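J.: Shown below is the structure under consideration.
There are 2 protein chains.
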Amino acid sequence: MLRDKSDIKPTEAELTLLNILWKMGPATVRQIHENVSQTQQTGYTTVLKILQIMHEKALVIRDESNRAHVYAPANSEVVTQSSLLKDLVLKAFGGSKSKLVMRALDDSTSKEEIEDIRKLLNELEQQS
Amino acid sequence: MLRDKSDIKPTEAELTLLNILWKMGPATVRQIHENVSQTQQTGYTTVLKILQIMHEKALVIRDESNRAHVYAPANSEVVTQSSLLKDLVLKAFGGSKSKLVMRALDDSTSKEEIEDIRKLLNELEQQS
DNA sequence: TATATGGTACGAGTTTATTCGTATAACAAT
DNA sequence: ATTGTTATACGAATAAACTCGTACCATATA
Numbered sequence: 001m002l003r004d005k006s007d008i009k010p011t012e013a014e015l016t017l018l019n020i021l022w023k024m025g026p027a028t029v030r031q032i033h034e035n036v037s038q039t040q041q042t043g044y045t046t047v048l049k050i051l052q053i054m055h056e057k058a059l060v061i062r063d064e065s066n067r068a069h070v071y072a073p074a075n076s077e078v079v080t081q082s083s084l085l086k087d088l089v090l091k092a093f094g095g096s097k098s099k100l101v102m103r104a105l106d107d108s109t110s111k112e113e114i115e116d117i118r119k120l121l122n123e124l125e126q127q128s
Numbered sequence: 001m002l003r004d005k006s007d008i009k010p011t012e013a014e015l016t017l018l019n020i021l022w023k024m025g026p027a028t029v030r031q032i033h034e035n036v037s038q039t040q041q042t043g044y045t046t047v048l049k050i051l052q053i054m055h056e057k058a059l060v061i062r063d064e065s066n067r068a069h070v071y072a073p074a075n076s077e078v079v080t081q082s083s084l085l086k087d088l089v090l091k092a093f094g095g096s097k098s099k100l101v102m103r104a105l106d107d108s109t110s111k112e113e114i115e116d117i118r119k120l121l122n123e124l125e126q127q128s
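Going line by line, the protein sequences match chains A and G. Anchor point for the first sequence: position 80 equals 80 in the UniProt record's numbering, and the numbering is continuous, going up by one each time. Anchor point for the second sequence: position 114 equals 114 in the UniProt record's numbering, and the numbering is continuous, going up by one each time.
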């Protein structure tokens, strides 16, 4: 088993739709399809199908009280981002989170970003 | 097209084998299989096949001068990590690298890690 | 009521990833 | 030379992800 089956991380297509839902808030298939169509060429029923699969996987919840179901993310953007990061740390950084952080920081990092991260480090240190 | 086809990011199985190669250095299929077998149950020819596919994709190079081919990563661990990070930043952090970094840093970060990252921030600031 | 419109469900085709069995070649040792 | 061991190559089966056509149901409106 070279593939890891333990967790339920969204696939690429699913992540694309989650990003739209986080941005838009709860939305119908039509609204989501219109939004995704702005940047990508894809069919209405394709988006519908993926949302149905996401519903089975519990990646989204949906309100079926109206004819056009209204979809919403099951988890917040923050929770999902953390989960994806944890996965990447495990699979590509030998489990070391700080190794990942230090790899992410390179010479393209702006002064503002550096200052923001410094502030966060200070806050973290206060807590412990 | 909800899936991104632009770049050549290693699949999970491929990343598993790359991790072994980075750790071991150049190795034969048998050596790699023995290593992966320590933690995962998988067949010899499965490992062979994946390495052959990785060779087609240019994720590894191989020395065919001996009967047992010797495989080595085509790219360094650092380059691959950076590429995976870039991909994740794009797909889950709206392109914002510092957002990713700040999400990675949470209360589980140790004092040592915080200090290491501070040092790196200082170095980065000197350069620019 | 009949018809157009717009919604979900669902089956099936396509592609990519993973897995492994089998054929076959190379080499070593009898 | 024959036999056993250990390689690679390759085809095919399976699974997951993605895509879309078609059927069929709701509702609005002529």
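Note that CB positions come from ideal geometry on N, CA and C, so glycine has one too. No experiment lies behind these values; they were computed from the predicted model shown.
#1: Specify the secondary structure class of residue 67 of chain G as computed by DSSP and reduced to three states.
#2: At least one CB of chain A closer than 9 Å to the CB of residue 65 of chain G: is that the case?
#3: So which residues of chain G does residue 118 of chain A contact, with C-beta pairs closer than 8 Å?
#4: May I ask you to report which of helix, strand or coil DSSP gives residue 104 of chain A?
#5: Report the option in A:17, A:100, A:8, A:82 whose CA atom is closest to the CA atom of residue 42 of chain A.
#6: Counting C-beta neighbours from all protein chains within 10 Å, is the total for residue 108 of chain A 16 or more, i.e. buried, or is it exposed?
#7: Given 8 Å as the limit, is there contact between the segment 13-29 of chain G and the segment 68-75 of chain G, that is, 3 or more CB pairs closer than that?
#8: Tell me the residue span of the alpha helix (DSSP H) that contains residue 75 of chain G.
#9: Looking only at its own chain, which residues have a Cβ that is under 8 Å from the Cβ of residue 98 of chain A, when we skip the five neighbours before and after it?
#10: Going by DSSP, name the residue or residues bridged to residue 27 of chain A.
#11: DSSP three-state label for residue 8 of chain A, please.
#12: Can you list, in chain order, the residues of the segment 99-110 of chain A whose Cβ is nearer than 7 Å to any Cβ on chain G?
#13: Select from G:8, G:113, G:124, G:112 the residue whose C-alpha is nearest the C-alpha of residue 114 of chain A.
#14: What do you get for residue 80 of chain A, buried or exposed, if any count of 16 or more other CB atoms within 10 angstroms of its CB means buried?
#15: Taking residue 131 of chain A as the reference, give the member of A:84, A:74, A:90 with the closest Cα.
#16: Find the residues of chain A that neighbour residue 92 of chain G, judging by a C-beta separation of less than 8 Å, and give them in chain order.
#17: Using a C-beta cutoff of 9 Å, does residue 32 of chain A count as contacting chain G?
#18: So, is the C-beta of residue 51 of chain A closer than 9 Å to a C-beta in chain G?
#19: Determine the closest residue to residue 89 of chain A out of A:76, A:104, A:77, with distance taken between C-alpha atoms.
#20: Measuring only the C-alpha atoms, how far is residue 91 of chain A from residue 15 of chain G?
#21: Counting only the same chain and skipping the five closest in sequence on each side, list residues whose C-beta sits under 6 Å from that of residue 54 of chain G.
#22: With 9 Å set as the bound, which would you pick, yes or no: does the beta-carbon of residue 114 of chain G sit closer than that to a beta-carbon of chain A?
#23: For a contact meaning CB atoms closer than 7 Å, what does residue 9 of chain G contact in chain A?
T.: From the atom records:
#1: Here residue 67 of chain G carries a coil assignment [DSSP, helix/strand/coil].
#2: Cβ-Cβ to chain A under 9 Å: no for residue 65 of chain G.
#3: Residues of chain G with a Cβ closer than 8 Å to the Cβ of residue 118 of chain A are, in chain order, 118, 121.
#4: Under the three-state reduction of DSSP output, residue 104 of chain A falls in the helix class.
#5: Of the candidates A:17, A:100, A:8, A:82, the one whose C-alpha sits nearest the C-alpha of residue 42 of chain A is A:17.
#6: By the Cβ neighbour-count rule, residue 108 of chain A is exposed, with fewer than 16 other Cβ atoms within 10 Å of its own.
#7: They touch, by the three-pair rule.
#8: That residue, residue 75 of chain G, is in no alpha helix (DSSP H); it is neither H nor E in DSSP.
#9: If we look at residue 98 of chain A and ignore the five residues flanking it on each side, it has no Cβ neighbours.
#10: DSSP lists A:71 as partners of residue 27 of chain A.
#11: Looking at residue 8 of chain A - three-state DSSP - the assignment turns out to be coil, as it is neither helix nor strand.
#12: Of all residues in the segment 99-110 of chain A, the ones placed with a Cβ closer than 7 Å to any Cβ belonging to chain G are 100, 101, 102, 103, 104, 105, 107, 109, in chain order.
#13: Closest by alpha carbon: G:124.
#14: Result: buried.
#15: Missing from the structure shown is residue 131 of chain A; chain A here goes from 1 to 128 and no further.
#16: For residue 92 of chain G, the chain A residues whose C-beta falls within less than 8 Å of its own C-beta are 15, 19, 80, 81, 84, listed in chain order.
#17: So no, residue 32 of chain A is outside the interface.
#18: No, because no Cβ of chain G sits closer than 9 Å to the Cβ of residue 51 of chain A.
#19: For residue 89 of chain A, the nearest C-alpha among the options comes from A:104.
#20: Taking the straight line joining both Cα atoms gives about 7 Å.
#21: Non-local C-beta neighbours of residue 54 of chain G in its own chain, meaning closer than 6 Å and more than five positions away in sequence, comprise 14, 60, ordered along the chain.
#22: Taking Cβ atoms only, chain A reaches closer than 9 Å to residue 114 of chain G, which makes this a yes.
#23: Per Cβ cutoff of 7 Å: no residues; residue 9 of chain G is ~10 Å from chain A at best.
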